[in-house]
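Structure first, then comments.
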Amino acid sequence: MAEELLRIENLSTSFRISGELYAAVDDVSLTVNKNEILAIVGESGSGKSALAFSIMGLHTRAHIQGAIHYKGQNLTALSPTELNRLRGNEISMIFQDPLSALNPLMMIGEQIEEVLLLHESSQTTRSNKSKKHRKLRAIELLQKVGIPQPEYAYGQYPHELSGGMRQRVVIAIAIANQPKLLIADEPTTALDVTIQLQILELIRRLKEDMNAGIILITHDLGVVAEMADRVAVMYAGQIVEIASIHALMTKAKHPYTRSLMSSLPTASEGKTRLHVIHGLVPSLKHLPRQGCRFRSRIPWIDETAHEVNPRLHEVEPGHYVRCSCYKNFHFLNHREEE
Ligand SMILES: Nc1ncnc2c1ncn2[C@@H]1O[C@H](COP(=O)(O)OP(=O)(O)OP(=O)(O)O)[C@@H](O)[C@H]1O
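All residue numbers for the sequence shown refer to full-length UniProt numbering, where the first residue is 1 and numbers rise by one.
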């Protein structure tokens, strides 16, 4: 039976723009289990990173509502010190951009040791681990993430490493204290395909070896298909569909999910299905706040097909879809498009 690790309830994260609050994450609820990869997909601007940063408590200026329960405690109610103790220990994050996540003035090895030290100082009975011990562990971690000559890399600075190697260092830091919950925000963006595969494999191993729960944020559906156990699809700050990977791949319902899916090559033919819904996620200030947020991108669907207050419907156990418009949805055929 799945063992729940994280439960987010009605989370909203709003930013103040010209004096008004706008929700980048709007009433999101989801769970992550141990030994599970939950992928979060959606176009740029759909609120994926804002959600990740909210879980990590990194949005200090945002207005946060709702609850984030991790092993029974509500993270939104913790003091900065308590949250700090969890971060880097039990909960950690792989950031999109390794250069900004690393300190340019510190050797790679020292940066890993700093995180190890954080863990040691959070233990109630302090273990008396020496600097030497930490160094060995740092080198072991560098080896684990596939950095060649880890002893040498220990003494290097971030700018001396390639992008792929830097991302591995960021992963080494993220897994240093064997986190129970790992958030990976576009961990392989900007890496070449071979390195991408190695890094994804590393994340998968982390799930299995450490029984960790992983939130994998990506806009790459190929990665989702390979890695995820369940998938949450976000559009304009909301979850529009959430399901097991199998259900999503075989019977996606929401028009937005179906459009995303149609950009994937079909297994049998290696061809791409060409049903793409044009347009972009509106900017935060211009998001429609009433009704179905996707309706302006599917104007050929009758207005009456949308709900006034779209909610998530459970169409099958564990498979939820927002707004009843999915029932009347069809892609435009070529003649209609002209
Ligand atoms: N600190 C902030 N202040 C104001 N608006 C913000 C802030 N952070 C994010 N936003 C806005 O919130 C919306 C969601 O942004 P977010 O970065 O979460 O999207 P995303 O899905 O992660 O996109 P990407 O894939 O490009 O990282 C966007 O409209 C963005 O401009």
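The C-beta atom is built at its ideal place from N, Cα and C for all residues, glycine as well.
Measure from the alpha carbon of D26 to the alpha carbon of each residue in A67, T257, Q149 and K327, then state which is nearest. A67
Own chain, CB closer than 7 angstroms to A101, minus 5 neighbours either side, in chain order: F95 and V170
In this structure, how does DSSP classify I112 when only helix, strand and coil are distinguished? helix
Could you tell me how far apart the beta carbons of G213 and L6 are, in whole angstroms, since I believe they sit closer than 8 angstroms? 6 angstroms
Could you spell out the range, first to last residue, of the beta strand (DSSP E) harbouring H246? Note, H246: premise wrong, no beta strand (DSSP E); alpha helix (DSSP H) at I245 to K251.
Closer than 5 angstroms is what we want: which residues have a beta carbon that near any heavy atom of ligand 1? List them in chain order. F15, A24, S44, G45, S46, G47, K48, S49, A50 and L284
Measure the alpha-carbon distance for E9 versus H119 and round it to whole angstroms. 28 angstroms
C-alpha distance - G42 paired with T218, whole-angstrom precision: 7 angstroms
Beta-carbon contacts of K207 that lie in its chain and below 7 angstroms, excluding the five residues immediately before and after: Taken in chain order, the residues that qualify are N35, I37 and I214.
Limits of the unbroken alpha helix (DSSP H) element including E201: For E201, the uninterrupted alpha helix (DSSP H) run begins and ends at V193 to M210, by DSSP.
When DSSP labels each residue in this structure, what does A23 get in the three-state scheme? It is a strand residue.
Status (buried if at least 16 other CB within 10 Å, exposed otherwise) for P288: exposed
Would the segment 145-160 count as touching the segment 71-82 if we require 3 or more Cβ pairs under 8 angstroms? no
For V145, which residues of its own chain have a beta-carbon under 7 angstroms away from its beta-carbon, when the five flanking residues on both sides are left out? R168, I171, A172 and L202
Residues sharing a beta bridge with M234, DSSP: I239
Taking all protein chains shown into account, decide if L260 is buried (16 or more other Cβ within 10 angstroms of its Cβ) or exposed. buried
Measure the C-alpha to C-alpha separation of T250 and S283 and round it to an integer number of angstroms. 31 angstroms
Looking at the structure shown, is V321 part of a helix, part of a strand, or coil, going by DSSP? Here V321 sits in strand by DSSP.
C-beta contact flag for S92 and A174 at 7 angstroms: yes
Check whether the segment 231-249 and the segment 290-309 are in contact - that is, three or more C-beta pairs closer than 8 angstroms. yes
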